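Residues 293 to 705 (our numbering) make up the sequence shown, in order.
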Amino acid sequence: MSINIEILGSGSEVGRSSIVVSGKKRVVMDCGVKIQPEPPKYPPVEKVDAAIISHAHLDHVGAVPMLFRKGKIPVYMNDITLELGTMLVKDSMKVARKEGFTVPFDKSHVNRMVKNTKIVRYNEKFRIGEFNCSLWHSGHIPGSSSIMLDAGKKIFYTADIQTRPSHLLNPCQLPDKVDTLILESTYGMKVQALRAKEEKRLVDAVEETLSNDGVALMPVFAVGRAQEVMLVLKDYMNKIALDGMVKLASEIVAQYGSYIKAPKEFRNILKKVKFIRTNEDRAGALKKYPIIIASAGMLGGGPAVHYLREIQSFGDAKVLFTGFLVEESPGRNLIETKIFENDEERFHVSGDLQQLELSAHADRNGLLDIIRKTRPEKVICVHGDKCAEFAKDIEEEFKVQAYAPKNGESIRV
Numbered sequence: 293m294s295i296n297i298e299i300l301g302s303g304s305e306v307g308r309s310s311i312v313v314s315g316k317k318r319v320v321m322d323c324g325v326k327i328q329p330e331p332p333k334y335p336p337v338e339k340v341d342a343a344i345i346s347h348a349h350l351d352h353v354g355a356v357p358m359l360f361r362k363g364k365i366p367v368y369m370n371d372i373t374l375e376l377g378t379m380l381v382k383d384s385m386k387v388a389r390k391e392g393f394t395v396p397f398d399k400s401h402v403n404r405m406v407k408n409t410k411i412v413r414y415n416e417k418f419r420i421g422e423f424n425c426s427l428w429h430s431g432h433i434p435g436s437s438s439i440m441l442d443a444g445k446k447i448f449y450t451a452d453i454q455t456r457p458s459h460l461l462n463p464c465q466l467p468d469k470v471d472t473l474i475l476e477s478t479y480g481m482k483v484q485a486l487r488a489k490e491e492k493r494l495v496d497a498v499e500e501t502l503s504n505d506g507v508a509l510m511p512v513f514a515v516g517r518a519q520e521v522m523l524v525l526k527d528y529m530n531k532i533a534l535d536g537m538v539k540l541a542s543e544i545v546a547q548y549g550s551y552i553k554a555p556k557e558f559r560n561i562l563k564k565v566k567f568i569r570t571n572e573d574r575a576g577a578l579k580k581y582p583i584i585i586a587s588a589g590m591l592g593g594g595p596a597v598h599y600l601r602e603i604q605s606f607g608d609a610k611v612l613f614t615g616f617l618v619e620e621s622p623g624r625n626l627i628e629t630k631i632f633e634n635d636e637e638r639f640h641v642s643g644d645l646q647q648l649e650l651s652a653h654a655d656r657n658g659l660l661d662i663i664r665k666t667r668p669e670k671v672i673c674v675h676g677d678k679c680a681e682f683a684k685d686i687e688e689e690f691k692v693q694a695y696a697p698k699n700g701e702s703i704r705v
């Protein structure tokens, strides 16, 4: 039987992941929003029979409520993804409306999403029409999954995936053989520095900040990166304050401890750390806590922007990015120009700006290892700025068909 794979989002871009696999039934894998650059962009999802969500980041879950504007469908994900995803979707609605952007759904659609979600565990089999489906641990953030669809031919969608272990998570789990591999390609053309080396850079930057009586701001993704950074810097918790969605996200991660490597250690860290809870706390935070970990990771909003403004009055100030920065995002522009700019303000940042590679995505070598392990006949590269170049390299190295579809394009397998 012929199966059609249609790329609605993440085709030669990072953001709004949404891929429809069609046989007798139409299944959408992920339904995300592209937050940066503004305005938010949503995938053109038409009628589908079911949805499977890989993880709780907004570029994979942020548009799921759109699926409930004209009825209801089953949505499959694990429990921590539902909890974290619902939190982030509700927050993104508030942020978008505050900034004057139209949101194509409302709270009633979010409630329908929650009500119609079917919770599945890793490696638990479930069926959608002719597709036997399962979620596989992907090593990206707590609860993150790759998705297997098997209708005689095996389609494996990595979603966001990491082949290296971190302090927070074990590396991804992979099948031995698939027919079609839908491969994230965020770092398809880049080999990352050794993890231990980057962690040492981070610790050294923190040590330097403390010895110079300076301040350091770490803009982070609330889910995944914040918790990883807390584990790397566990010896400095009395010097660190956390602000924004990081607090609630960290509490949820601690509650669902089975999804992380060291739940007891992480819960102990949470007992020591200072959470900023009020505007009064925020106003005095930098005088008491020289290291601030705050959302949003790309400086698209959140309290991190407030602290970026505040640290300009300090003689020794650092801004330490630890995650991927989408092109044209305020964080990427800041690293490239030393200018912070959004719709409300524009100012020069004089401190020490650093980008560290504590990525939760596999690099080029890791992605090629995934191909070696899964031995696909076809590879579809998505979720990357250089998918076409990466697909060409894959064809040359593995002698398989490799594609780099744009949004709106389809491939039959």
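Backbone N, C-alpha and C define an ideal beta-carbon position, used for all residues, glycine too. All values derive from a computational prediction rather than experimental measurement.
Shortest alpha-carbon distance to residue i belongs to which of the options?
{"i": "Y719", "options": "C425, K407, R404 and I561", "result": "What is shown of the chain runs 293 to 705, which leaves residue 719 out entirely."}
{"i": "T666", "options": "K556, V565 and C464", "result": "C464"}
{"i": "S605", "options": "A497, A588, G643 and K630", "result": "G643"}
{"i": "V538", "options": "E416, V521 and I552", "result": "V521"}
{"i": "I345", "options": "M369, F639 and I299", "result": "M369"}
{"i": "D371", "options": "L427, P396 and R389", "result": "L427"}
{"i": "D505", "options": "G315, P357, G607 and L648", "result": "G607"}
{"i": "G592", "options": "E330, A497, P668 and V337", "result": "E330"}
{"i": "G307", "options": "L466, G480 and K326", "result": "K326"}
{"i": "T455", "options": "V470, K446, R487 and D442", "result": "R487"}
{"i": "E704", "options": "L473, E305 and D322", "result": "Sequence inspection shows Arg at residue 704; the Glu mentioned does not correspond to that position. Answer by Cα proximity: L473."}
{"i": "A609", "options": "G615, I568 and R601", "result": "R601"}
{"i": "V597", "options": "R656, L562, G536 and K563", "result": "G536"}
{"i": "K531", "options": "V545, I583, I544 and E620", "result": "I583"}
{"i": "L359", "options": "V641, A343 and T570", "result": "A343"}
{"i": "S235", "options": "F418, V381 and K579", "result": "The question about residue 235 has no answer here: the residues shown for the chain are numbered 293 through 705."}
{"i": "A485", "options": "G676, V692 and Q647", "result": "Q647"}
{"i": "Y599", "options": "P555, N560 and L534", "result": "L534"}
{"i": "V674", "options": "P697, E687, I686 and E688", "result": "P697"}
{"i": "K364", "options": "E572, K386 and V402", "result": "V402"}
Contact defined as beta carbons within less than 8 Å: I believe residue i pairs with residue j. What is the distance between those atoms, to the nearest angstrom?
{"i": "I420", "j": "K317", "result": "6 Å"}
{"i": "I662", "j": "A652", "result": "Between A652 and I662 the Cβ distance is about 15 Å, and since that is not below 8 Å, they are no contact."}
{"i": "Y548", "j": "K566", "result": "Contact doesn't hold; Cβ gap of about 23 Å is too wide."}
{"i": "S702", "j": "I295", "result": "Actually they are not in contact, since the Cβ atoms of S702 and I295 sit about 10 Å apart, beyond 8 Å."}
{"i": "E476", "j": "T450", "result": "5 Å"}
{"i": "P332", "j": "A388", "result": "6 Å"}
{"i": "V498", "j": "L525", "result": "6 Å"}
{"i": "G480", "j": "L650", "result": "G480 to L650, Cβ: 19 Å. No contact."}
{"i": "I433", "j": "G516", "result": "3 Å"}
{"i": "A577", "j": "P511", "result": "At roughly 15 Å, the Cβ-Cβ gap does not stay under 8 Å, so A577 and P511 are not in contact."}
{"i": "K670", "j": "V692", "result": "7 Å"}
What residue does the alpha helix (DSSP H) around residue i start on, and which one ends it?
{"i": "D371", "result": "D371 to K390"}
{"i": "M481", "result": "Taken as a continuous stretch (DSSP letters only), M481 belongs to no alpha helix (DSSP H), as it is neither H nor E."}
{"i": "K579", "result": "N571 to K580"}
{"i": "V406", "result": "K399 to K407"}
{"i": "A680", "result": "C679 to F690"}
Are the CB atoms of residue i and residue j nearer to each other than 8 Å?
{"i": "R574", "j": "P595", "result": "yes"}
{"i": "G324", "j": "G354", "result": "yes"}
{"i": "I585", "j": "A518", "result": "yes"}
{"i": "L612", "j": "L460", "result": "no"}
{"i": "G431", "j": "A348", "result": "no"}
{"i": "L509", "j": "I411", "result": "no"}
{"i": "A541", "j": "M379", "result": "yes"}
{"i": "F448", "j": "S438", "result": "yes"}
{"i": "F423", "j": "G315", "result": "yes"}
{"i": "G615", "j": "F513", "result": "yes"}
{"i": "L645", "j": "L617", "result": "no"}
{"i": "V356", "j": "N408", "result": "no"}
{"i": "N699", "j": "L300", "result": "yes"}
{"i": "R656", "j": "V470", "result": "no"}
{"i": "E637", "j": "P622", "result": "no"}
{"i": "M529", "j": "K489", "result": "no"}
{"i": "A544", "j": "L374", "result": "Note on residue identity: the sequence assigns Ile, not Ala, to residue 544. Not closer than 8 Å, so no."}
{"i": "M321", "j": "G444", "result": "no"}
{"i": "H352", "j": "S384", "result": "no"}
Where do the N-terminal and C-terminal ends of the beta strand (DSSP E) with residue i fall, by residue?
{"i": "R559", "result": "Careful: R559 lies outside any beta strand (DSSP E), inside the alpha helix (DSSP H) at P555 to K564."}
{"i": "V320", "result": "R318 to M321"}
{"i": "G301", "result": "N296 to G301"}
{"i": "R704", "result": "S702 to R704"}
{"i": "S310", "result": "S310 to S314"}
{"i": "Y695", "result": "Q693 to Y695"}
{"i": "F418", "result": "F418 to I420"}
{"i": "I584", "result": "I583 to A586"}
Looking at the C-beta of residue i, does it have a partner C-beta in chain D at a distance below 8 Å?
{"i": "G303", "result": "This model lacks chain D altogether, as it is built from one protein chain only."}
Report whether the distance from the Cβ of residue i to the nearest heavy atom of the ligand HEM is below 7 Å.
{"i": "V538", "result": "Among the components of this structure there are no ligands whatsoever, and the ligand HEM is therefore not found."}
Residue ranges of each beta strand (DSSP E) run of no fewer than 3 residues wholly in the region 589 to 672, ordered along the chain?
-> 609 to 613, 631 to 633, 638 to 640 and 644 to 647
Contained alpha helix (DSSP H) runs [length at least 4] in the region 468 to 552, N- to C-terminal order | 487 to 503, 517 to 524 and 538 to 547
Could you tell me which uninterrupted beta strand (DSSP E) segments, each at least 3 residues in length, are contained entirely in the region 335 to 368, listed from first to last along the chain?
-> 342 to 344
Jot down the residue ranges of each uninterrupted beta strand (DSSP E) in the region 423 to 462, minimum 3 residues, whole runs only, in chain order.
-> 423 to 429, 437 to 442 and 446 to 449
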